[in-house]
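Scroll down for the structure; my scribbles are underneath it.
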Amino acid sequence: MEPYWYASGPIYPLFGYLGDGVLRVAGIRVTTVESVSLMEPRPGAEFNPDFLQSLRSLPLQDALEPGATYVDGTSLLEGYCRLLCCERFDEDTNLYREWVATRDECSAALREILSSDVADPLQDKASPGFKLMRMAHAYLRGRCFFRTTHGHCGSASEAAQPGDLVCVFIGSSRPSLLRAVDGGASGSGGSRWQLVSDSYVPGLMAGEAIHGRLPAYYKPTQCRPPGDSHKWRSGIRDTRTGDLLWHGSLVRKLLGLPPGGDEDGHRRKIRITADEFRQAGVQVEDFELV
4 MEPYWYASGP IYPLFGYLGD GVLRVAGIRV TTVESVSLME PRPGAEFNPD FLQSLRSLPL
64 QDALEPGATY VDGTSLLEGY CRLLCCERFD EDTNLYREWV ATRDECSAAL REILSSDVAD
124 PLQDKASPGF KLMRMAHAYL RGRCFFRTTH GHCGSASEAA QPGDLVCVFI GSSRPSLLRA
184 VDGGASGSGG SRWQLVSDSY VPGLMAGEAI HGRLPAYYKP TQCRPPGDSH KWRSGIRDTR
244 TGDLLWHGSL VRKLLGLPPG GDEDGHRRKI RITADEFRQA GVQVEDFELV
């Protein structure tokens with residue numbers, strides 16, 4: 004599922020081909036994979052009651068502990084819900100409402116699923132539990148669940164391993180998992196890297212690695228503009244005013260940079276140079292991918 008926004012913010016990538024199959028890409032190292040869990044039994048292509056057992060096989064029980072919080076300050080239960088449904092919640096979109104539930108409904112449904120051996124949310128197709136399970140099946144099938152050393156949770160391909168680096172490339176919509184190539188020193192003396200997988204990591208999906216956590220009154224969203232049933236727009240909703248803002252217009256402001264950046268009106272991206280990142284105190288480095 005394509006996120007509502009960019010993990011790096013809607014910024015043009017900084018990259019170059021070095022030859023001999025080596026691609027240099029600018030990015031930010033965020034954290035490291037600490038543990039990886041696979042669902043058992045592995046979900047099949049069809050959504051069926053067996054997926055309930057698959058979901059319960061994941062190590063999510065810590066969300067039931069009183070006061071359990073996620074790395075970004077939300078409840079851990081909500082953090083897991085954000086991962087399971089790729090943050091598609093009813094209050095954040097007018098595109099998928101027959102498919103999605105609210106944050107509170109999803110959290111209550113997941114609590115019931117994790118705390119009961121008999122709960123079966125699959126009987127009522129209009130229930131929040133059914134909606135959550137169907138979304139989770141669509142987004143987790145063929146993927147693993149992982150935790151990081153900084154307390155994030157995420158999903159990635161089953162190739163992920165503990166020790167993989169979680170990195171946000173400039174211009175990327177999702178964080179990436181990288182693995183150092185043994186004995187592969189780059190010209191600068193650092194390791195070369197293999198791209199293992201893309202990932203979905205709540206708390207890293209709205210530019211947090213670039214500009215930090217968004218203020219609480221800014222909510223990433225996706226909707227159709229009023230009167231237009233064919234187009235959709237991703238952005239940030241200012242809950243104080245209800246205005247839908249383009250994320251790109253906020254990035255330079257959040258970084259303390261002056262307006263500008265050669266906005267591309269079609270793709271709605273901006274350009275930020277390596278010097279501007281350094282000026283803003285963002286720790287961008289070059290990764291050589293092989």
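Residue 4 is where the sequence shown starts when you use my numbering, and the numbers rise one by one after that. We treat Cβ as the ideally placed atom computed from N, Cα and C, and that holds for glycine. For clarity, every value in this text was computed on a predicted model and none was experimentally measured.
Asked                                                                                                                                                               : Found
Can you give the Cα-Cα distance for Arg45 and Leu58, rounded to whole angstroms?                                                                                    : 10 Å
Roughly how many angstroms lie between the CA atoms of Gly187 and Glu81, to the nearest whole one?                                                                  : Confidence at Gly187 is low in this model, with a pLDDT of 48, below 50, so its placement is unreliable and no value can be given for it.
I want to know whether the region 22 to 37 touches the region 280 to 290 - three or more CB-CB distances under 8 Å.                                                 : yes
Using C-beta distances below 6 Å, list every residue in its chain close to Tyr9, excluding the 5 sequence neighbours before and after it, in chain order.           : Ser176
Does Arg32 come out as helix, strand or coil in the three-state DSSP assignment?                                                                                    : strand
Relative to the alpha-carbon of Asp357, which residue among Ser158, Pro218 and Pro13 has its alpha-carbon at the smallest distance?                                 : Outside the shown range of the chain (4 to 293) lies residue 357, about which nothing can therefore be said.
Decide if Pro69 is buried, meaning its Cβ has at least 16 other Cβ atoms within 10 Å, or exposed.                                                                   : exposed
Return the CA-CA distance between Glu49 and His140, expressed in angstroms with no decimal places.                                                                  : 9 Å
If you drop the 5 nearest sequence neighbours on each side, which residues of the same chain put their C-beta closer than 6 Å to that of Gly210?                    : Gly12
For Tyr142, I'd like the list of residues in its chain whose CB is within less than 8 Å of its CB, leaving aside the five on either flank, ordered along the chain. : Met4, Leu87, Cys88, Cys89, Ser158 and Tyr203
Going along the chain, which residues of its own chain have a beta-carbon closer than 7 Å to the beta-carbon of Leu63, five neighbours each way excluded?           : Tyr83 and Leu117
Just to confirm the assignment, what range does the beta strand (DSSP E) spanning Phe148 have?                                                                      : Arg146 to Thr151
Fully enclosed by the region 17 to 78, which alpha helix (DSSP H) runs are 4 residues long or longer?                                                               : 53 to 59
Between the region 215 to 225 and the region 13 to 25, are three or more C-beta pairs nearer than 8 Å?                                                              : no
Alpha carbon to alpha carbon, how far is Gly251 from Tyr15? Give it in angstroms, no decimals.                                                                      : 11 Å
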